[in-house]
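A quick write-up on the structure given underneath.
Protein chains in written order, with our numbering: chain L, 1 to 216; chain X, 217 to 394.
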């Protein structure tokens, strides 16, 4: 009788399971485990998104400021305050009514357009030059409008204070309205957008250099 | 085949930026408007609004409106844009100098356009206010027009800062054809 007995059966074989512990002989280094290729973070694109978002926010703030009171003057003898918005005022006696709303609306539109272009340029490379130029022009526009309107309202407040002092303690006083305050916030928001806008091409150049170095 | 060389276009851009800066600075020496007050046909008072916000003449008690700060800033940006455009004009290849020139000129364009728009709406209101008064004549000054010219020149500088196509006219296989 040469074959195995009917009661014989082969010993069970333990195959290593995927993910299981593998024991290595001492002194033999484990082979490196290749991970998924790491794509470098597109810092320039993120900076463009931040800049575009800030510009859109500044545009919305400027548009809202158009509908609010720019300043109010209290203390008239008849008791009724003088209120001036960006489009109209409550009287024609003092001071000269100025329609600030026209340049403000134009600036708000350019801010939103520049912001949207910058957001789109995160994916559309061809738009980057035009988006950056439009965004910068919009920042210049809101800087001029915010600076000059703020200066005008501040100068008017000083004038009323001096005039009141000259005539012996006049009670007319200027209250800065929400429109002027919002315009200043929009101005600083737009200025904050310049920083990532300027840094984005620098980040692109660094990324391109890193990618080229890795490929070499 | 004639091509527009970037070197030449960038030199033109630098010239436009300088012209815009000069125009912007010129507006500081000009007036926004002049109001003349008459009594019995005789001129009794002349009030002229100038860039510093002061009113030349006996204009005490008037609200002030100044455009010195944004205009000087725009002129500085345009000067920097001109320098960057000259730097970019050393080669036909695109580079950071051209991009910087374009952005600086674009910022100055926005500033000058904003200043011009504000001056116009301010003076329109001023003229319309005094139009109703007897014996009062208000005339526009040249400052808004000069600032508008500066804004147009700055816009042209921004548009031309990265224009032009390189003269790459390769004659492939020219030696083998003879």
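All residues carry an ideal CB built from backbone N, CA and C; glycine is no exception.
Nearest-angstrom Cβ-Cβ length linking residue i and residue j, presumed shorter than 8 Å
{"i": "residue 229(X)", "j": "residue 301(X)", "result": "4 Å"}
{"i": "residue 369(X)", "j": "residue 239(X)", "result": "6 Å"}
{"i": "residue 53(L)", "j": "residue 200(L)", "result": "Contact doesn't hold; Cβ gap of about 13 Å is too wide."}
{"i": "residue 320(X)", "j": "residue 293(X)", "result": "5 Å"}
{"i": "residue 236(X)", "j": "residue 361(X)", "result": "Not quite, the Cβ-Cβ distance comes to about 14 Å (not below 8 Å), so this is no contact."}
{"i": "residue 137(L)", "j": "residue 257(X)", "result": "49 Å between Cβ atoms; not a contact."}
{"i": "residue 129(L)", "j": "residue 114(L)", "result": "Wrong, their Cβ atoms sit about 13 Å apart, outside the cutoff."}
{"i": "residue 346(X)", "j": "residue 271(X)", "result": "Their Cβ separation, rounded to whole angstroms, is 14 Å, which puts residue 346(X) and residue 271(X) out of contact at 8 Å."}
{"i": "residue 232(X)", "j": "residue 148(L)", "result": "The Cβ separation is near 25 Å, so there is no contact."}
{"i": "residue 55(L)", "j": "residue 203(L)", "result": "Incorrect: roughly 18 Å between the Cβ atoms, too far for contact."}
{"i": "residue 279(X)", "j": "residue 75(L)", "result": "Actually they do not touch by this definition, with Cβ atoms about 17 Å apart."}
Partner residues on chain X for residue i, Cβ-Cβ distance less than 7 Å
{"i": "residue 99(L)", "result": "337, 341"}
Element boundaries [beta strand (DSSP E), containing residue i]
{"i": "residue 248(X)", "result": "247-255"}
{"i": "residue 125(L)", "result": "Careful: residue 125(L) lies outside any beta strand (DSSP E) and carries neither H nor E."}
Chain-ordered neighbours of residue i on chain L, where CB pairs are closer than 9 Å
{"i": "residue 297(X)", "result": "What residue 297(X) touches in chain L: nothing, since even the nearest Cβ is about 11 Å away."}
Under 8 Å by beta carbon: chain L residues contacting residue i
{"i": "residue 330(X)", "result": "103, 107, 140, 141, 142, 143, 144, 145, 148"}
{"i": "residue 271(X)", "result": "Chain L residues near residue 271(X): none, gap ~11 Å exceeds 8 Å."}
{"i": "residue 325(X)", "result": "137, 140"}
{"i": "residue 334(X)", "result": "100, 103, 144, 145, 148, 149"}
{"i": "residue 286(X)", "result": "143, 144, 147, 148"}
Residue range of the unbroken alpha helix (DSSP H) whose run includes residue i
{"i": "residue 288(X)", "result": "284-304"}
{"i": "residue 55(L)", "result": "43-66"}
{"i": "residue 369(X)", "result": "359-376"}
{"i": "residue 224(X)", "result": "222-243"}
Under 7 Å from the C-beta of residue i: neighbouring residues of chain L
{"i": "residue 283(X)", "result": "148"}
Beta-bridge pairing of residue i - partner residues as DSSP gives them
{"i": "residue 71(L)", "result": "84(L), 176(L)"}
{"i": "residue 261(X)", "result": "253(X)"}
{"i": "residue 354(X)", "result": "251(X)"}
{"i": "residue 89(L)", "result": "84(L)"}
{"i": "residue 266(X)", "result": "247(X)"}
{"i": "residue 189(L)", "result": "Bridge partners of residue 189(L): none, in fact."}
{"i": "residue 271(X)", "result": "265(X)"}
Residues near residue i in its chain [Cβ-Cβ closer than 7 Å; skip 5 each side]
{"i": "residue 316(X)", "result": "300"}
{"i": "residue 186(L)", "result": "58, 61, 62, 65, 142, 146"}
{"i": "residue 318(X)", "result": "374, 377, 378"}
{"i": "residue 311(X)", "result": "304"}
{"i": "residue 101(L)", "result": "66, 86, 87"}
{"i": "residue 90(L)", "result": "82, 83"}
{"i": "residue 336(X)", "result": "360"}
{"i": "residue 140(L)", "result": "none"}
{"i": "residue 192(L)", "result": "54"}
Contacting residues, own chain, Cβ-Cβ under 6 Å from residue i (five flanking each side not counted)
{"i": "residue 358(X)", "result": "246"}
{"i": "residue 226(X)", "result": "301, 304, 305"}
{"i": "residue 206(L)", "result": "none"}
{"i": "residue 131(L)", "result": "117, 118, 121"}
{"i": "residue 260(X)", "result": "253"}
{"i": "residue 103(L)", "result": "145"}
{"i": "residue 160(L)", "result": "172, 174"}
Cross-chain neighbours of residue i in chain X, by beta carbon under 8 Å
{"i": "residue 133(L)", "result": "318, 319, 322, 374"}
{"i": "residue 129(L)", "result": "315, 318, 378"}
{"i": "residue 201(L)", "result": "312, 315"}
Proximal residues to residue i (C-beta, below 8 Å), its chain only, five neighbours per side dropped
{"i": "residue 72(L)", "result": "81, 82, 83, 84, 174, 175, 177"}
{"i": "residue 287(X)", "result": "240, 241, 243, 244, 267, 327, 328, 331, 363"}
{"i": "residue 249(X)", "result": "264, 265, 339, 342, 343, 354, 355, 356, 357"}
{"i": "residue 69(L)", "result": "83, 84, 85, 177, 178, 179"}
{"i": "residue 124(L)", "result": "none"}
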